[in-house]
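Enquirer:
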Amino acid sequence: MKHRRLISSAIAAIMLFGVVPATPSYAILESDTQIQEKTGQPFSSYWYPSELLNWNPKTDKDAKFNVGTVPLKQRESADKVKDSQDEKAKVISLAIANKTTSSTPSQGKDTMEGYNFSYWQYIDTLVAWGGSAGEGLIVPPSADLIDAAHTNGVPVLGTIFFPPVEYGGKDEWLDEFLQKDVDGTFPMAKKLIEVAKYYNFDGWFVNQETGGKGSLNLRPEIAKLMKEFLAYLQKIKSENMEIIWYDSMIDDGRIFWQNRLTEYNKNYLGDKDNKLSDGMFLNFWWTNNRMYVVDPDNVDNQLIHTNTGDELKESGELAESMGRSKYDLYAGIDVQANGYNTQIKWERLFPEGKEANTSLGLYCPSWTYDSSSTVEEFLEKEERFWVNENGDPREKSNEEWKGISNNIVEKTPVTELPFVTNFSMGNGKFFNVNGEEVSDGEWNHRGIMDILPTYRWIVDNKKNNLEASIDYNEAYYGGNSIALEGSLAKNGTTKIKLFASDLDLKNNTEIGIKYKESGAKANIKLELVFENKGTKIIDLKTSKDGEWIDASTSLSQYKKDEIKEIFLIVDSKDISNSYKLNLGQLSVTDSKQKLNVSKVKKLKVEEFKVVDNYYGNVRLTWDRAGENVSHYEIYMEDSKGNRELVGATPTNAFFVSNIERELTLDTKTKFIVKPVNELFESNNKNETSITVEWPELETPKANFEMSDPIVAPGQSITLTDKSLAGETVKWKIEGLHKNEELEGNEVTVKFDKPGVYSLTQIVSNAAGETVNHKEDYIVVSSQAKDGLKNLSLNKDAKANAEVNENEAAKFAFDGRLNSKWCTLGESGNWIEVDLGKESIIKELRMSHAQAGGEAASMNTSEYTIEISQDGENWVELDDIKGNNKAVSRDDLNYELARYVRVKVNKSEQGSGGATRIYEIEVLGIDSDKILVLDNKEVLYQLNNTINIIEKEYYKLGIQNNDFETLLNKCKNIIDKVEVEIEDIVEAENDLISAFEILKIQ
């Protein structure tokens, strides 16, 4: 039994046009509904206003999977590590933490990739940025993000986004949102509070950009209603809930970004006696040389203001004159496009030697993930963005982007016992429990992210040369550890500053670590800084824990004191050029404290979906096993008792996806849920299991992938089995010059001769076998020495329409995935390309919205492929329905064409109204024919004629040199294969004529 791993793709949520779907029992797009009907996948919530007003968690079958369960940890500020750090300024991060608004799994996924942000010490609030006109406007954070943020002491907010009109914004959405009851209350405000409480997150970021600047957009009544709404929201929300307003709409209802606090937008912040928002995110142009400002005498005009550099200072002063803190203002910086290459006039926000003028707002620091192609690149960019180019927050940066650590003091959630961290990043290539591998597959669940070191990195070497990093190759618990790696010198010392803390010690407090070494043995110690007793070196008692070393000691002599800082020390005795220490766990606990958890109760299979008789998807729920639970491990067990971890979650609901069934006629699978306490201890007596029964096994669904559809003589192809429920796989390859049988899930076949070959795949299991025959499937031709070519690259193209000149037809044929053809309309759009001459075409490869980083729900669903020789008369090749892939591949069967056209019959998965195609590739051969395909029939006919005549010739019992020369010439044609049809026909006719004459003689 295996747990199938799926790879997700796409990068960011983009604001795009769409049509509101009909309101179901809970809000979900048609495309997501289709996925759920097939797989049962729960999705993170998203709503239009009318949908949220009708939302009820009791009828939303996904709701319980979207609840965050980790309480918000208390944080404390650390001591400054350099003078430039400001102790009062705050940071809010607006991050695209999930790639898309729709289709976001409630809790993680079966792939390592994702925005696993871990520099929590530098932000005070996280906004889960999302929303689009085509998916939904009101987007709470996903459960895994809530839990990751709360573990690290950071409040997390959902997004309310009213798009600009040019991105699909509609006035009726505002009207629905701002409905006011006769008693003066706002139903939507109550609903926003209900959602935040039910899902356990901390407030909302309000971004109202529907409208414009001119007199046609004057809407003072909407502005008045919005301010009443915000005031009511403040009245009914809890004190700890945050409402952040984006600097967009001004007092007369126009959308006019002020880029500072002014008389036109200050009332959305409110004064100390009439607070409307807990903070305001100021637009980005304060850092420019100039910006537009309101013309008080003409609403249809705008004035140009030359920035003095004092705009933020004056904004802070205005806030303070209203009785508000200047740090309730967040000076926005847009880093979505260029990350740490963004040009910012930092001195306007953080004047040297003075207090910050306001707090800092970051828009899309998730650029570090969006612009990276590997996890390693993401981690490198994160370090550069948040710390500096030196990877040490103490050091001075010489770059324009000095890192957020240059101005912001680190904060720590290490404030109470027990404190246990395995340094988990919330993802990995495998999953270990207590140093033992329990799953060998990739995973990502930010909900089980741990507290990472406060300082990344502060490492001091004396003689040694060790560097610190996140290591995804070793883990004590989860998928990674902290590595110290490099060289040791004789009597050298390395000290790494791990945590700032505020831990009150008791009589029975212990401190311990789990670590492993390679390359040498060193003396590992801890250094603790106490509130009263200063700095102390702590020796540790060690014992083996499998491959890991368990090192700990009592801190009873320091009772009633406080730990303020935690260091790890590596003292070396011997020289080593390849030393590595992996730190897998750090704990500060009360040895007498028993963190008991109860047995898991009411474990239930809410839904069991079987896909293609082979893959299983299970929704599991259970009652929480007490207050001391850190999280739950979920295992599946096969008929032989073998267990495999299929997930871990802090919530009491989990979706197990893509389980591969055992290939028995009567299959059962057991699922086990085991609670783990805050010390990462678990006991089998507290686990509970439940079993699901599969439908009767069917014969396999045969399928395969071929490395290349066409190759040159002397080259090979690889056949890879992709069947469902297959145990054994056999292959037959048949052609004029090859008849071969092979066995195995993956086979490689070399073709010495050109020709056309048929392929048969035979797949079997306990229920029987399935034969998958492909006639004339493999083409071997000397014309294919360079493989298939993209014949449409940069060729002339046209379409029926385009949104603007930057999204014209030509951008679908430029070889890039950061440009696209886009046009409005649910159906009727078309795009065509002129290949320049008639050519043989084999495949049409299209990159849809998801391939370009947009939502999967925006992938083209239905389209027709047509070809033409003259651009006037068209022939339909294929009519595609139900596509949901990011990249579709359609077989064109070696047709001859000069023009290729795609007609869009349904532009999105649901009822959206825009076509988005990032790239179209017409793959083929730069020729008007492939000889082995053209001459196949006559070549087989010649071969048949040769066989018949040769038998008859030998029956004659004579020898004729001229005839045999002619016979050998025909055999040479068979051997050569790539011969023109006319020459083959002529040779066959000559052979027949010569034999007829020979028979008469």
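Residue 37 is where the sequence shown starts when you use our numbering, and the numbers rise one by one after that.
A virtual CB, placed ideally from N, CA and C, is assigned to each residue, including glycine.
Here's the rule: buried if 16 or more other CB atoms are within 10 angstroms of the residue's CB, otherwise exposed. What is I1036?
Expert: Exposed, because fewer than 16 other Cβ atoms sit within 10 Å of the Cβ of I1036.
Enquirer: Count the other C-beta atoms from every protein chain shown that fall within 10 angstroms of the C-beta of E446, then say buried if there are 16 or more, exposed otherwise.
Expert: Its Cβ being crowded by 16 or more others within 10 Å, E446 is buried.
Enquirer: Checking 9 Å against the spacing of the C-beta atoms, do L617 and K552 come in under that value?
Expert: Contact: yes.
Enquirer: Which class does M224 belong to by DSSP, given the choice of helix, strand or coil?
Expert: Helix.
Enquirer: For T378, does the three-state DSSP call read helix, strand or coil?
Expert: Coil at T378, not helix or strand.
Enquirer: For D812, tell me which candidate among K972, E278, I961 and E729 has the shortest Cα-Cα distance.
Expert: Of K972, E278, I961 and E729, the residue nearest in Cα terms is K972.
Enquirer: Express the C-alpha separation of P200 and F849 in angstroms, rounding to a whole number.
Expert: If you take the alpha carbons of F849 and P200, they lie about 29 Å apart.
Enquirer: Of all the options K768, I953 and K271, which has the alpha carbon lying nearest to the alpha carbon of E944?
Expert: That would be I953, whose Cα lies nearest to the Cα of E944.
Enquirer: Which of the three DSSP states, helix, strand or coil, is assigned to W910?
Expert: Three-state result, W910: strand.
Enquirer: With W240 as the anchor, note down where its beta strand (DSSP E) starts and where it stops.
Expert: It spans G239 to Q244 - the beta strand (DSSP E) in which W240 sits, taken as one unbroken run.
Enquirer: What three-state label does DSSP hand D1026 in the structure shown?
Expert: Correct three-state label for D1026: helix.
Enquirer: Would you identify the three-state DSSP class for W322, choosing helix, strand or coil?
Expert: Three-state result, W322: helix.
Enquirer: Out of curiosity, what's the CA-to-CA distance linking N919 and G375?
Expert: Whole-angstrom Cα-Cα distance: 34 Å.
Enquirer: One question on the structure: do L656 and I726 come within less than 9 Å of each other, judged by their Cβ atoms?
Expert: Yes, they are a contact pair.
Enquirer: Going residue by residue through the segment 389-468, where are the continuous alpha helix (DSSP H) segments of at least 4 residues, counting only ones entirely within it?
Expert: Here the runs fully enclosed are 403-406 and 411-422.
Enquirer: Is it right to say A133 is buried, meaning 16 or more other beta carbons lie within 10 angstroms of its own, or is it exposed?
Expert: Buried, by the Cβ-count rule.
Enquirer: What is the DSSP secondary structure of D68, counted as helix, strand or coil?
Expert: If DSSP states are grouped into helix, strand and coil, D68 belongs with the helices.
Enquirer: Buried or exposed, going by whether 16 or more other CB atoms sit within 10 Å of the CB of R852?
Expert: So R852 counts as exposed.
Enquirer: Determine the burial state of P332: buried for a count of at least 16 other Cβ atoms within 10 Å of its Cβ, exposed for fewer.
Expert: By the 10 Å Cβ count, P332 comes out exposed.
Enquirer: Can you tell me the Cα-Cα spacing of K381 and Q372, whole angstroms?
Expert: One C-alpha to the other measures close to 17 Å.
Enquirer: Whose C-beta lies closer than 6 Å to the C-beta of T578 among residues of the same chain, with five residues either side of it excluded?
Expert: Result list for T578: I585 and A587, in chain order.
Enquirer: Hey, could you find the ends of the alpha helix (DSSP H) E353 is sitting in?
Expert: Run containing E353: E347 to S357, per the alpha helix (DSSP H) assignment.
Enquirer: Of all the beta strand (DSSP E) runs that stay within the bounds of the segment 485-555, which reach a length of 3 or more residues?
Expert: Whole beta strand (DSSP E) segments, 3+ residues: 494-498, 501-507, 517-524, 529-540 and 545-554.
Enquirer: Are the beta-carbon atoms of S505 and I518 separated by less than 9 Å?
Expert: Going by C-beta atoms, S505 is nearer than 9 Å to I518.
Enquirer: Less than 8 Å between the CB atoms is what I'm expecting for K109 and N188, so what's the real figure, rounded?
Expert: That belief holds up - the Cβ atoms of K109 and N188 are roughly 7 Å apart, short of 8 Å.
Enquirer: Just to confirm my understanding: we take D610, look at its own chain, exclude 5 residues before and 5 after, and list those with CB closer than 6 Å. What are they?
Expert: A556, listed in sequence order.
Enquirer: Rank I961, L130 and Y793 by C-alpha distance to the C-alpha of W165 and give the top, closest one.
Expert: It is L130.
Enquirer: How is G888 classed by DSSP in three states: helix, strand or coil?
Expert: DSSP places G888 in helix when its eight states are reduced to three.
Enquirer: Going by C-alpha distance, which of I291, L305, A367 and D309 is nearest Q338?
Expert: With distances taken between Cα atoms, Q338 lies closest to I291.
Enquirer: Which same chain residues, not among the five before or five after K706, have their C-beta less than 6 Å away from its C-beta?
Expert: E673, S725 and T727, listed in sequence order.
Enquirer: Identify which residue in L975, E868 and L1002 has its Cα closest to the Cα of V936.
Expert: Measuring from the Cα of V936, the nearest candidate turns out to be E868.
Enquirer: Beta-carbon within less than 7 Å of K249's beta-carbon, same chain only, minus the 5 sequence neighbours each way: which residues are those?
Expert: Only R290, I291, F292 and Q338 meet the Cβ criterion.
Enquirer: Determine the extent of the alpha helix (DSSP H) in which I182 is found, giving its start and end residues.
Expert: Note, I182: alpha helix (DSSP H), A179 to T187.
Enquirer: Throw me the rounded Cβ distance for the D238 and L193 pair, which I believe falls under 8 Å.
Expert: Sure, about 6 Å apart at Cβ, within 8 Å.
Enquirer: Per DSSP, what kind of secondary structure is T571 in: helix, strand or coil?
Expert: T571: strand per DSSP, three-state reduction.
Enquirer: Report the residue from V190, V175 and I258 whose alpha carbon sits nearest the alpha carbon of L214.
Expert: When each option's Cα is compared against that of L214, the closest is I258.
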